[in-house]
Amino acid sequence: MNKTEQKRLAGSIGRAIAKQRVRSQLTQEEVAERLGVGNEAVSRIERGRVIPNIVRLIELAEIFNCEAAELFGQASFHIDDQTSRLKHLLEPLNPNDRMLVINIVENLTSRLQKG
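Residue numbers (full-length UniProt numbering): 1 to 115.
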């Protein structure tokens with residue numbers, strides 16, 4: 001993996017962690033306290049300056065009450081991971097809302113393919 005790919009991965013994982021933190025209604029300070037690190041450490045992870053190790057990812061997943069795979073899946077550019085993520089996002093919606101989202105995605109992908 002080259003430096004560019006590492007930066008992209010770090011940024012994607014950082015954004016996934018930040019999203020889970022916000023979803024969990026936690027501040028960076030609260031996450032840092034639970035991890036036993038300084039606030040700046042959490043900030044560096046979320047900004048993609050540092051890639052957390054496996055142990056740290058598992059700790060973050062426990063704090064956010066999600067699976068570590070979700071943090072990877074949200075960061076992944078692989079179609080299977082993205083498909084799984086979309087499925088996870090659609091599951092809690094009622095059937096009409098799911099169809100609305102699918103129609104929006106279909107229209108958007110059609111427009112992007114033309115552009």
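All C-beta atoms, glycine included, are put in the ideal place defined by N, C-alpha and C.
Practice problem: Count the C-beta pairs between the stretch 33 to 49 and the stretch 8 to 15 that are closer than 8 Å, then say yes if the count reaches three, no if not. | Solution: yes
Grab the span of the alpha helix (DSSP H) containing Arg34 for me, first residue to last.
28 to 35
* To do: Mark Pro95 as exposed unless 16 or more other C-beta atoms lie within 10 angstroms of its C-beta, in which case mark it buried.
  => exposed
When we look at the beta-carbon of Leu89 and count the other beta-carbons within 10 Å, is it buried (16 or more) or exposed? exposed
As assigned by DSSP and simplified to three states, the class of Glu58: Reading off the sequence, residue 58 comes out as Ile, not Glu. Helix, per DSSP.
Worksheet item: Should Ile17 go down as buried or exposed, given a rule of 16 or more other Cβ atoms within 10 Å for buried?
Response: buried
Are the CB atoms of Asn39 and Gln25 within a distance shorter than 9 Å? no
Start-to-end residues for the alpha helix (DSSP H) that takes in Met99: 95 to 114
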